[in-house]
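Numbering of the sequence shown is given in the working numbering, commencing with residue 166 and proceeding in unit increments.
Cβ atoms here follow ideal geometry from the backbone N, Cα and C, with glycine treated the same way.
Quantities reported herein were computed from a predicted structural model and do not represent experimental measurements.
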Amino acid sequence: MTTGLRAIGQREPAHLNLDLNELAYQPLPAISAVLRAQAAQAHRYPEFRPDQTRAVIAEHHGVARSQVTVGAGATGVALAALQSCRRDAGRIAHPSMVTALPTFDGYPILARMVGLRLDGVRLTPNGSVDLTALFDAVGPSTVAVVVCSPHNPTGAVVDETLLHEFIEALPDRVTVVLDEAYVEFSQRPPDLYRLIGRHERVLVLRTFSKAYGLAGLRVGYGLGAPDLVARVADFEVPFAVGSAASAAVPVALSSQLDLRHRVAAMRAERDRLAARLASIGVATLPSEGNFLFLPGAAGTDIGRVLAGCGVVVKQCGTHGVRITVGDRASTDYVVDALRVAALTA
């Protein structure tokens, strides 16, 4: 009997949070040390504008500081970008944004906050973003298109050639927000420098919440052409990036070898989880994120079974469920829970 199966037999089921795509590892020791040191400065304000953090990110990517905007997570940067799009809509009576659904829960909320109508487009049956359908949904009132790659919640990536063709075909008034929150996990990332060098209306979003494992610090950034970044930076909230986050960013960016090791370990566990689920007849979609998507009614049913076993996964309505890749013990518990549920059904 495995450890996971023994846990299921206990009176109180284990509680696993596998719904928010958090990294399974604690912060690196060097980052933990920086955070402890920052505690003594908690009575001090952070930078009014995150210029030091902006400079560190710009140097890491080899771009100008004018090409970087920083905010409270990628969500904060996305909000600023959409606020900029709403302001620049001018005389458009009912400006809108287009994106594929289901998507990150934050985007419908952000659209409502800034006053953009959300026009949703369905994913393909394999969970991919349909760029042709997205393009067809763009109308006279569209001012923003959000593309997530890898897509949340399915983990699918867009084809780079098709992405460039899609962007070039859009009207000049439309800004493309390319959400790359999970790009470090992908083995097929698009060329960042080609994207922001070739297209003046593309803002690429990145975050320290996922692969870097700093979700609680709330720091993300956007990369793009200087004119676009300047318009987005108009909506940077003063003091939005805390001192702890600012101190952690340079340490995180200087730890690329550790990052690669952690990403490799996550990919291996993702493949192991997919294989073990397949061995008991549970289908998942191919994913380049730190999560797997279980599609359709079968996935929704599995989500309910796991909830009864103390495993919290992300319910995506009738589309299915998303499950974060945890550590080896989490994988064993999830699979054993489903096996036991099948035997006792």
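Measuring straight from C-alpha to C-alpha, what distance separates residue i and residue j?
i, j, result
"S306", "H180", "46 Å"
"D337", "V221", "31 Å"
"A463", "A417", "39 Å"
"G461", "G485", "5 Å"
"H329", "V447", "35 Å"
"I257", "A276", "16 Å"
"R504", "V367", "46 Å"
"A172", "A189", "Residue confidence for A172 is low, a pLDDT of 42 falling below 50, so the modelled location carries little weight and cannot support an answer."
"R552", "I332", "Because the chain here runs from 166 to 510, residue 552 falls outside it and cannot be looked at."
"R214", "Y386", "13 Å"
"V308", "S444", "46 Å"
"A390", "L360", "10 Å"
"D184", "R432", "18 Å"
"E177", "C474", "Caution applies to E177, whose pLDDT of 49 falls short of 50 and renders its modelled position unreliable; the value that the coordinates give is listed next. Near 9 Å, if we compare the C-alpha coordinates of C474 and E177."
"H259", "V242", "23 Å"
"P355", "Q480", "29 Å"
"D399", "R437", "45 Å"
Can you tell which of the options has its C-alpha closest to the C-alpha of residue i?
i, options, result
"D295", "T264, S452 and A239", "T264"
"V311", "N291, P267, L183 and P354", "P267"
"R209", "I488, S411, M431 and H426", "S411"
"R371", "V308, L335 and L388", "L388"
"V394", "S408, G362 and S374", "G362"
"R441", "L357, C474, P391 and T496", "T496"
"L343", "R435, T240 and V199", "T240"
"V341", "S249, V500 and L438", "S249"
"V303", "D253, P290, P194 and V339", "V339"
"E365", "L379, G381, A380 and L335", "L335"
"L200", "T483, A229, G381 and I488", "G381"
Quick check: residue i and residue j, are their CB atoms within less than 7 Å of each other?
i, j, result
"A298", "V286", "yes"
"T234", "V414", "no"
"Q203", "A409", "yes"
"S314", "D284", "no"
"G238", "S419", "no"
"V397", "A246", "yes"
"V369", "E345", "yes"
"L281", "R251", "yes"
"V428", "A376", "yes"
Assuming the contact rule is C-beta atoms closer than 8 Å, residue i and residue j should be a hit. Round their C-beta distance to whole Å, please.
i, j, result
"F458", "G292", "6 Å"
"A506", "V476", "The Cβ separation is near 11 Å, so there is no contact."
"L288", "T319", "7 Å"
"V478", "G491", "Not a contact, Cβ separation roughly 11 Å."
Looking at the C-beta of residue i, does it have a partner C-beta in chain C at a distance below 7 Å?
i, result
"P260", "Judged by its chain identifiers, the structure shown contains no chain C, having just a single protein chain."
Check whether the region 344–352 and the region 448–463 touch, using three or more Cβ-Cβ pairs below 8 Å as the test.
yes
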